[in-house]
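Per this note's numbering, the sequence shown starts with residue 13, numbered consecutively. Using N, Cα and C, we set each Cβ at its ideal position, and we do this for glycine too. Since this is a predicted model, take the numbers as computed values, not measurements. Single-structure report; data block below.
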Amino acid sequence: MAIRNPIRDQSCIVGVGHSGCFRDAGVPGGTLVARACMQAISDAGLKPTDIDGVITSPMPGIAGYDIINCNYLVEMLGLPSVRWWIDHHVGGVPGLGSACMAALAVSSGMCDVALACRLNWRPKDKGYGHVSSNRAHGVDSFINPYGYGVFPQKFSSWYMRYVHEFGVKREQLGEYVVQSRKNALLNDKPIVAPRQAITMDDYLNARMISDPMNLLDCDFPCDGAAAVIITTPERAKTMKQKPVYISAVATGQGPHPDFVFWPDYTVMAAHWAAKDIWEKAGIARKDINFQQIYDGFAPFIFYWMEALGFAKRGEAHEFVGSGALRPTGVLPTNLNGGQLNEGRLHALGHTVEATLQLQGRAGARQLKKADAAVVSGGGLTVAAIMVLHR
C-alpha cells in the first residue's frame, strides 16, 4: 500500500517565540505565554488580528496562573479573528503536539495562520515528586500506594532493562550529557541549567536519583513558554522570515499504553510514531543534517535514535558514545542544550531551535549546513515527530 501524506509541505513555520526558562520566573504563567506568543507574532511580521487558529495543551490548574487554554489566550492577546481552536493532548506530547495540530489545521484549511504554544510552570511550594493526590487511576492504583509513582522511578526500570540487554557503559550516555551542556553554553536565551561546563567525572559522580539514572540524566522543570506561527506556503511569501516547511508529522503510543505493563522495556512508543516517517516526509534519513530529540531523560536519546533508524537496535549507545552527536559530528543533536539544560517545554523549545537553525538565525551555535531536521517529543508510552526542511 502506498504511503499517504496529503499534508506534505502544505504548511510552514514562519515565526517563533521563547520566553526563556527559569527556576522561578517570578510572574504567572500567563505573562510568560504572552511574551512568547507576541514575540512569535512579531517575528513573523504579523499582528494579533492576523491569527485565526489557536492551539494549546493545558494541564489541570488555574487559567492564566499555571495553565493556558485557548479561551484565555484569545482574550489575553486580543485575537478577534479566531475561527478554529483546540485545547488538546495529542500523542501525550503537549508542546510538539501543539505544533503538529497546527500543521494539520493549516494544511486542511481549518485556518490560515495558526498560533501554537506551550507553557510549563512548576509548583513553587514543593517539588513535582511531592505533589499529592487522593486518587489513583488504572494501573496507578496498584503501584502509587507503594511509592512507585514518579517518572524517574518508572523510566529507570525501562532503562535498567535496556542497559542489561545491550551492555551500555555509563560513559557512553555521559558523552551526550556532557556535550549537551557545552551546547547550552552557546544558547542566548535564559536557561535553567548552571552556565558552566561539566566533565565526565562530574557526570559519573552525580547523585543517583533512581538507579541507573543520576541527577544529570534528568531534565529541568522550569517556568517557561514557547510559541510558533504556522501558515500556508502562499501566505508565507509575504512574511518577515524565511519559511520552514513541515514535511510530515506523526504520533504513536504502542500496543499497551501504560508504564508498568509495557511489553518490551527496550522499545518506546517512538517505534510506532516513527514507522514510515521518512517515506511520508519524502526526505531520506541520510539527508537530515541535525536532530532536536526529546531528552526528558537522557537515555531517551538511545531509544529515539533507534526508532528513527539512525542506529540499529541495541547499538545507539555505541553511536552516541563515539561523539557522533556533537556539533562537529555526523548527526548534531540538541544544539540548544536540550531539555536537560534549557528547560522542559515538551519539545516546543526544540521546535523553536530547529526553526532558527533552518533559517540561519541560531547565532553562535548555527550549523554550517542546516537544510533538513527532525524534531521529536515524548518518551515511554507516547511520542510525536515533525520533519522540517527549508
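* Which whole runs of the alpha helix (DSSP H) in the segment 25-65 are 4 residues long or more, in chain order? -> 41-55
* To do: For the segment 317-328 and the segment 195-209, state whether three or more C-beta atom pairs, one from each stretch, are separated by less than 8 angstroms.
  => no
* Asked: Taking the C-alpha atoms as reference points, what is the distance between A282 and M212?
  -> 28 angstroms
* To do: Could you tell me which residues DSSP puts in a beta bridge with C409?
  => The structure shown does not extend to residue 409, since the chain is modelled only from 13 through 402, so no value can be given for it.
* To do: Classify T263 as buried or exposed, calling it buried when 16 or more other Cβ atoms lie within 10 Å of its own Cβ.
  => buried
* To do: Using three-state DSSP, classify Y84 as helix, strand or coil.
  => helix
* So, is Q208 buried or exposed, given that buried needs 16 or more other C-beta atoms within 10 angstroms? -> exposed
* **For A384, the first and last residue of its enclosing beta strand (DSSP E)** => 384-389
* Pairing CB atoms from the segment 167-182 with CB atoms from the segment 220-238, are three or more of them under 8 angstroms? -> yes
* **Simplified DSSP state of T393, which is helix, strand or coil** => coil
* Could you give the residue range of the alpha helix (DSSP H) that holds D214? -> 212-216
* **Closest residue to W96 among Y84, A114, K287, G266 (Cα-Cα distance)** => A114
* Ends of the alpha helix (DSSP H) at F404? -> As displayed, the chain neither begins before 13 nor continues past 402, which places residue 404 out of reach and without an answer.
* **Residues bridged to G264 (per DSSP)** => A395
* Short check: CB of G333 to CB of E187, under 8 angstroms? -> yes
* To do: Could you tell me the boundaries of the beta strand (DSSP E) in which M122 lies?
  => M122 -> no beta strand (DSSP E), and no H or E assigned at all.
* For the alpha helix (DSSP H) containing S23, list its first residue and its last residue. => Premise fails: S23 is in no alpha helix (DSSP H) and is neither H nor E.
* **Coil, strand or helix - N348 by DSSP** => coil
* Asked: L370: which of L360, R134, A382 sits nearest, CA to CA?
  -> A382
* To do: Specify whether the segment 371-378 and the segment 284-299 touch according to this definition: at least 3 beta carbon pairs, one from each stretch, less than 8 angstroms apart.
  => no
* Per DSSP, cross-strand counterpart(s) of H362 -> In the DSSP output, where bridge partners are listed per residue, H362 has none listed.
* **Cβ pair T363, V240 closer than 8 angstroms** => yes
* **Straight-line Cα distance separating L58 from M88** => 17 angstroms
* Asked: Which residues in the same chain as W290 place their Cβ atom closer than 7 angstroms to its Cβ, once the five residues preceding and following it in sequence are excluded?
  -> A296, R297
* Quick one, are the C-beta atoms of V66 and L131 less than 8 angstroms apart? -> no
* Asked: Alpha carbon to alpha carbon, how far is G41 from G179?
  -> 43 angstroms
* Between the segment 305-312 and the segment 383-393, do at least 3 Cβ pairs fall closer than 8 angstroms? -> yes
* Close-in-space but distant-in-sequence residues of the same chain around G350 (CB under 6 angstroms, 5 per side omitted) -> S192, D307
* Do the CB positions of F312 and T345 come within less than 8 angstroms of each other? -> no
* Take the Cβ of G109 as the centre, count every other Cβ of all protein chains shown within 10 Å, and call the residue buried at 16 or more, exposed below. => buried
* To do: In the DSSP assignment, find the alpha helix (DSSP H) that holds W316 and state where it starts and stops.
  => 312-319
* Whole-Å CB distance - G355 paired with C49, under 8 angstroms assumed -> At roughly 18 angstroms, the Cβ-Cβ gap does not stay under 8 angstroms, so G355 and C49 are not in contact.
* To do: Tell me whether the beta-carbon of V37 lies closer than 8 angstroms to the beta-carbon of C129.
  => The sequence shown places Ala at residue 37, not Val. In this structure, C129 does not lie closer than 8 angstroms to A37 by Cβ.
* Asked: Just checking my contact of C234 with R35 at CB under 8 angstroms: how many whole Å lie between their CB atoms?
  -> 7 angstroms
* Asked: For S23, does the count of other Cβ atoms within 10 angstroms reach 16, so buried, or fall short, so exposed?
  -> buried
* Does DSSP put Y257 in a helix, a strand or coil? -> strand
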